[in-house]
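Protein sequence lines correspond, in order, to chains H and X. Heads up: the first sequence runs through residues 1 to 744, numbered per the UniProt record's numbering. Heads up: the second sequence runs through residues 1 to 744, numbered per the UniProt record's numbering. Glycine is no exception: its CB is placed at the ideal position from the N, C-alpha and C atoms. Model, not experiment: these values are computed from the prediction.
2 protein chains.
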Amino acid sequence: MRGALHELFSRSLVESDMRSAPYEFPEDSPIEQLEERRQRLERQISQDVKLEPDILLRAKQDFLKIDSAADLQLYKEQNEDLVDHLPKERDVLLEREFQRVTISGEETCGVPFTDLLDAAKSVVKALFIREKYMGLSLQSFCKTTARFLEELSGKPLETRSYEEIPETPVAADAPVHPPFTDQHPYETCLPEAMPADLGFGLRMVSGVIHVYTKRDVLDLLYPDLQEFIADMNVLMALIINGPIKSFCYRRLQYLSSKFQMHVLLNEMKELAAQKKVPHRDFYNIRKVDTHIHASSCMNQKHLLRFIKRTMKKHLDEIVHVEKGKEQTLKEVFETMNLTAYDLSVDTLDVHADRNTFHRFDKFNTKYNPIGESILREIFIKTDNQVSGKYFAHIIKEVMSDLEESKYQNAELRLSIYGRSRDEWDKLAKWAVSHKVHSNNVRWLVQVPRLFDVYRTKKQLANFQEMLENIFLPLFEATIHPASHPELHLFLEHVDGFDSVDDESKPEHRIFNQDSPLPGTWVEEDNPPYSFYLYYMYANMTVLNHLRRKRGFHTFVLRPHCGEAGPIHHLVSAFMLSENISHGLLLRKAPVLQYLYYLAQIGIAMSPLSNNSLFLSYHRNPLPEYLSRGLMVSLSTDDPLQFHFTKEPLMEEYSIATQVWKLSSCDMCELARNSVLMSGFSHKVKSYWLGPNYLKEGSEGNDIRRTNVPDIRVSYRFETLCQELTLITQAVQTAELETIQEEDP
Amino acid sequence: MRGALHELFSRSLVESDMRSAPYEFPEDSPIEQLEERRQRLERQISQDVKLEPDILLRAKQDFLKIDSAADLQLYKEQNEDLVDHLPKERDVLLEREFQRVTISGEETCGVPFTDLLDAAKSVVKALFIREKYMGLSLQSFCKTTARFLEELSGKPLETRSYEEIPETPVAADAPVHPPFTDQHPYETCLPEAMPADLGFGLRMVSGVIHVYTKRDVLDLLYPDLQEFIADMNVLMALIINGPIKSFCYRRLQYLSSKFQMHVLLNEMKELAAQKKVPHRDFYNIRKVDTHIHASSCMNQKHLLRFIKRTMKKHLDEIVHVEKGKEQTLKEVFETMNLTAYDLSVDTLDVHADRNTFHRFDKFNTKYNPIGESILREIFIKTDNQVSGKYFAHIIKEVMSDLEESKYQNAELRLSIYGRSRDEWDKLAKWAVSHKVHSNNVRWLVQVPRLFDVYRTKKQLANFQEMLENIFLPLFEATIHPASHPELHLFLEHVDGFDSVDDESKPEHRIFNQDSPLPGTWVEEDNPPYSFYLYYMYANMTVLNHLRRKRGFHTFVLRPHCGEAGPIHHLVSAFMLSENISHGLLLRKAPVLQYLYYLAQIGIAMSPLSNNSLFLSYHRNPLPEYLSRGLMVSLSTDDPLQFHFTKEPLMEEYSIATQVWKLSSCDMCELARNSVLMSGFSHKVKSYWLGPNYLKEGSEGNDIRRTNVPDIRVSYRFETLCQELTLITQAVQTAELETIQEEDP
């Protein structure tokens, strides 16, 4: 017995987890004093440093165990930074700002040289392709990457010529809150006050709208179908090429471990930098929810409360017509045997649960409160008996929550289906008449890929009709705003287009030379993803050039992509869209993931949504993407279905931080990315991120606004440059070789 | 090229994740209609069922694919349940309420019969030991388990004799909100109005306070040290016994897989039951945060805002004395070179991060805002220059948040150190004078195990002094309330005692017969965990009997236990404490885990706290414990360090639900457990959980208040009974055998 006892005790002594509880710790706890002295000294240094550097440096080195005199310099210069952001000084001090990882030796990339050459050529080719399509459609392309491509091609690139001129309207020490006008943008809607009618004619030719003057077709840029298909095939072949695959895979691995090293060496400095910034912290930096659907942007409790309130206030309002008979809200609920009291989140049953996992079909029906499509029609639609009044109200409640939070913003998706020509005007009327607007909110228009459904129901004769329904109104509103006054106003707050549907639906057709044109696409099969995307892109391109001519803002393509289904969706998006939502499948496609990294394509990820639908939280690739430097951000997708608290976006950040142990610096980087990839105006971004936010590297960063340390931004920038250098230099050597071969 | 293309497409076709986006789905989507009809029918049935059962049954079976006529019965009877909760009817219908898993065959437990006998004997012995100590100290013991033990021993048990008589003051259809008095309990503190002085004398004899009348010692129940040590040794030997280990391990495995089966078979019915309850859902059921520390119950943003506000309002208040010189808040911050504007969550630096993982020492210093112990002293202490005014304010803000949330409650820990005799009076004065009270909040008093520190600093002569400082004031306040008027009032809102410190600190001494008594414990070594716990238990026991005599409420022991360090901590707690916080290490001790299950000991777990300190979230054993039926609940521990949103408790639930894919039923069960194990009064619980909540099994459940389906409660109850039957029957057979052996 005693023996057993001792065994037990002695064994238990070796176990050594550590932890205790928050009670006053003995005043003379050495570590407490140490920490206290360290922190006080850090503050001292950051304040007095300009006065007597040397003594403090020594003291500081004792406590922070920092290795070089350069560090003190750093503090000095950083303090100056706070005063001004002149690039020159920066470049100098960036040299010694933090611990860098450099690789030396002949072959620095870990693959046979020839493989490198082949891979580099293909990668560069791919980047040129994307650059071309971005330029053509007036969408943006990563500045740094563009610079390297330019050097390579020796001529200015498409994108550069269209680049927004950063006139920097914002002073370096401007407040972080943009001065919005008090006047409501929908206050007045006067056709006569709108820009004149250009009187152009419109006709859709093989799926793309053409614009005509009296005489002939207007020479806007029209993308070429054959060329697109050729380019797509190039990329298709490229992403399944074995050697290139393993090259990209190795590079991505390299990027991961390089980041790990960076964090190990610089985490403390990044933290110190964040602490040094007065006032700013994760709570008061701007975040944009770049992927969220209007019809489910409120959480379940909110929707429930709203329905109950409405049932109290508008009981006798005509809300529905059943078989020609008008029904009041009272009657509707009576037919369902429900009272306001009965309703609960459980009966509402709009929240995703274990049973929606891998069951999209079930998931979609979750959008019907109490499983009744009628309630969905009454409460979360823009076009119904009450002309979307209730939906407008609840959206405005969400908006005011965002405004209250002050630092949270969202880009809400609204639907256009392309079944009839008047959808746009109805939608715009809804927004304008109910004054649905907030400075914290921008709109994206999502187009569901449901042609097959409408076609089977004979609502459409061919695919071209759908395209016309979607785009003609936009052209009309652009050429002659007064003809669609509300739409003209509404469009000013629309960023661009989203393409949505179950990506995993099998695609029976391939998009190639032999595919029918939209006008002749009459069968009930649904066109493939790339087909949808291309024609949305093509029409948007023409539209953008027309709008640019008129000085209206242009649109971007930001589809759901790579959440599920075939990899090649990510190829189409790589060519045609400015950024994407989800991109989960990049984890299975190293070549594409590498290309998305090099082109710094924005990826709005929603781990909680994925977790409910088909990828368990801890398997989500977001932390991996982030470590490799892909341009990722956090978004909620559907708070109605996936979130519990009153602050869905904060909930999303909180869970990611806790589960993946993100540092405060990681969180702030994610938030900054979300603003960068969002559709908010250049001016607004200049306030939120700093007047130079368009500049490359840490010049473009203002820690006083973003709370992202320059160290982190420089690391990302330098790493990207090194990666691009590796690629482009390889290509140049390859070219040299071929030349030498040609003339011996 | 083409080949590659086709390969790609065909490959991509087979991949099949599912998902889409929230847009209006074609009206004639078959599944949508199906779901809609199903749901409508479910509601129909649950309402009209009493009228024409047969037709509906058939219809229902078609849609719900439900297997027996029993189900319709069920609906009927459940509806009657809502009217009354008479046990008889219940027992009947419980028979056919849900799909049960039953095991048949000779040996149903999967281990050799002899092993079963030995294991059963030891397990029963262990349970009797716990029952004895719970009874002795007037703490509660699981009713069901007690019943089985009674049958075995054939005589009434300690605990039963003390069992609170559930006079059920609450009507079955009473509202869920208890009628609290409007008058503030600290409004008036009149010594003359307090119960009379009993005039008893007090003296501590070998670590336990004895109460004397004029003549002799009062015969209250005093636990016996020798007996305790003997009992402890029995358990110690038991938990490292190989065969018993593997027996318990197998049973726990069995419980896990049984629960999985239960969920597979009944999930839908549990959900249906929840939907049928009007109004009630997870958001409006009671939750108690059973483990949270007052000094860190506000989140970091809240503390920051509070400090900034205070700096604006009370700039010139004397808050601190530095070397005899008084300092105003202004001066304090000046000496730190800080302004209100500068402060940010980053500078505050009170949040746990990657660097606190496995570094408790660092972690503890995190309680100092800006690493300055002085700020901690000013803002989160009850006893300082401003007599804890600021701390009182921020606590009251947290309280009002809880009251606003209506359904969230907390048991906050306050510290008593045992360094001086007046700590209790100071603490009580703080609470009473600042009126720190809320109906949503109860107090627990935590005693840090820091004797070694005080001893080294010569603040205490021996361990007995510490015990006297902790317990004498409580006895005085109980014998003669008017002598400690505030304390008398304050104690009415104290549930009991918590014991806290870093459990992994090595313990150099073992608690056994040879250990010195508290009076002679003079060396600077810290007494072991069990030593602390035993003497707190012993004194609390005497105190409880005294208080019971006076009609005052009694206290319970609810220590931090099994978060880290030696396993045997969990043995002491098993014997002496009503429930515990953490219990992580049960995952490494099958015997103890099985005992904690059979005794249904409450375990307040805080996965987010663990995640920041030493156990990654997805490795946390909570979901396993829950599936096996241990009495677990979710608590936040330290919102200041671990939480981001304004609703820490909801955040805790949300993350657990998302990461572990808990069902709504699981969540509600966790919430119900938290209320059951909390220290709120019998009356309050009767309102929150239902008037019969003390009854065993689903009789004790009222889904209209708890939103927990009877199915789940019955499953837990029946499973526990089967487990107890297995054990007790084995013991009985064993006894029979021995008898037969004795007389051949």
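query: Rounded distance between the beta-carbons of Leu489 (chain X) and Pro243 (chain X), thought under 8 Å; result: Rounded, the Cβ-Cβ distance is 54 Å, inconsistent with contact.
query: Check: Glu486 (chain H) C-beta below 8 Å from any heavy atom of the ligand ZN; result: The ligand ZN is absent from the structure shown, which contains no ligands of any kind.
query: N-terminal and C-terminal residue of the alpha helix (DSSP H) that Gly242 (chain X) is part of; result: Gly242 to Lys276
query: Sequence-distant residues of its chain with Cβ nearer than 8 Å to Val345 (chain X) (five each side left out); result: Gln300, Lys301, Leu304 and His351
query: Bridge-paired residues (DSSP) for Lys381 (chain H); result: In the DSSP output, where bridge partners are listed per residue, Lys381 (chain H) has none listed.
query: Cβ of Ile655 (chain X) within 9 Å of any chain H Cβ; result: yes
query: Three-state secondary structure assigned by DSSP to Cys561 (chain H); result: strand
query: Per-residue burial, Phe113 (chain H) [other beta carbons within 10 Å of its own, 16 or more giving buried]; result: exposed
query: 4 or more residues per run - each alpha helix (DSSP H) lying fully within the segment 575–663 of chain H; result: 590–598, 607–613, 622–628, 639–642 and 648–660
query: Three-way DSSP call (helix, strand, coil) for Ser68 (chain X) in this model; result: At Ser68 (chain X), the pLDDT of 39 sits below 50, so the modelled position is not reliable; the number obtained from the coordinates is stated separately. DSSP places Ser68 (chain X) in coil when its eight states are reduced to three.
query: Where Ala734 (chain X) falls: helix, strand or coil (DSSP); result: helix
query: Any chain B beta carbon closer than 9 Å to Lys661 (chain H); result: The chain inventory of the structure shown lacks chain B, comprising the protein chains H and X.
query: Residues from the segment 212–228 of chain X in contact with chain H, defined by Cβ distance under 9 Å; result: none
query: Residue-level contact to chain H via CB, Asp231 (chain X), 9 Å cutoff; result: no
query: With 16 other Cβ atoms within 10 Å as the buried cut-off, status of Asp422 (chain H); result: exposed
query: Run of the beta strand (DSSP E) containing His184 (chain H), from where it starts to where it stops; result: Run containing His184 (chain H): none; DSSP gives neither H nor E here.
query: Selection of the segment 275–289 of chain X by Cβ proximity to chain H, strictly under 9 Å; result: Lys275, Lys276, Val277, Pro278, His279, Arg280, Asp281, Phe282, Tyr283 and Asn284
query: Runs of alpha helix (DSSP H) lying entirely within the segment 485–551 of chain X, each at least 4 residues, in chain order; result: 485–491 and 529–550
query: CB contact below 9 Å: Glu322 (chain X) versus chain H; result: no
query: Contacts that Gln658 (chain X) makes with chain H (C-beta to C-beta distance below 7 Å); result: Leu608, Asn611, Tyr617 and Ile655
query: Rounded Cβ spacing between Pro473 (chain H) and Tyr249 (chain H) (contact assumed at less than 8 Å); result: The pair is not a contact, with the Cβ atoms about 46 Å apart (cut-off 8 Å).
query: Asn692 (chain X), DSSP secondary structure in three states; result: coil
query: Host alpha helix (DSSP H) of Pro473 (chain X) (start-end); result: Phe463 to Ile479
query: Residues near Thr159 (chain X) in its chain [Cβ-Cβ closer than 8 Å; skip 5 each side]; result: Glu131, Met134, Gly135, Ser140, Phe141 and Ala146
query: Leu252 (chain H) beta carbon less than 9 Å from that of Tyr693 (chain H); result: no
query: Interface flag, Met650 (chain X) vs chain H, CB-CB below 9 Å; result: yes
query: Cβ contact (3+ pairs, closer than 8 Å) linking the segment 462–469 of chain X and the segment 407–421 of chain X; result: yes
query: C-beta contact flag for Leu557 (chain H) and Ser581 (chain H) at 9 Å; result: no
query: Enclosing alpha helix (DSSP H) for Met204 (chain H) [first to last residue]; result: Careful: Met204 (chain H) lies outside any alpha helix (DSSP H), inside the beta strand (DSSP E) at Gly201 to Val205.
query: Same chain, Cβ closer than 6 Å to Leu117 (chain H), neighbours up to 5 away in sequence not counted; result: Ala730 and Ala734
query: Rounded C-alpha distance that separates Lys88 (chain X) from Ile601 (chain X); result: Confidence is the limiting factor: at Lys88 (chain X) the pLDDT is only 42, short of 50, which leaves the residue's position unreliable and the question unanswerable from this model.
query: Touching by the beta-carbon criterion (3+ pairs, under 8 Å), the segment 605–612 of chain H and the segment 567–577 of chain H; result: no
query: Short CB-CB distance (under 9 Å) between Asn707 (chain X) and chain H; result: yes
query: Continuous beta strand (DSSP E) stretch holding Arg442 (chain X): start and end; result: Val441 to Pro448
query: Own chain residues within Cβ distance below 6 Å of Pro485 (chain X), not counting five before or after; result: Cys189 and Pro191
query: Length of the line joining the Cα atoms of Asn284 (chain H) and Leu649 (chain H); result: 14 Å
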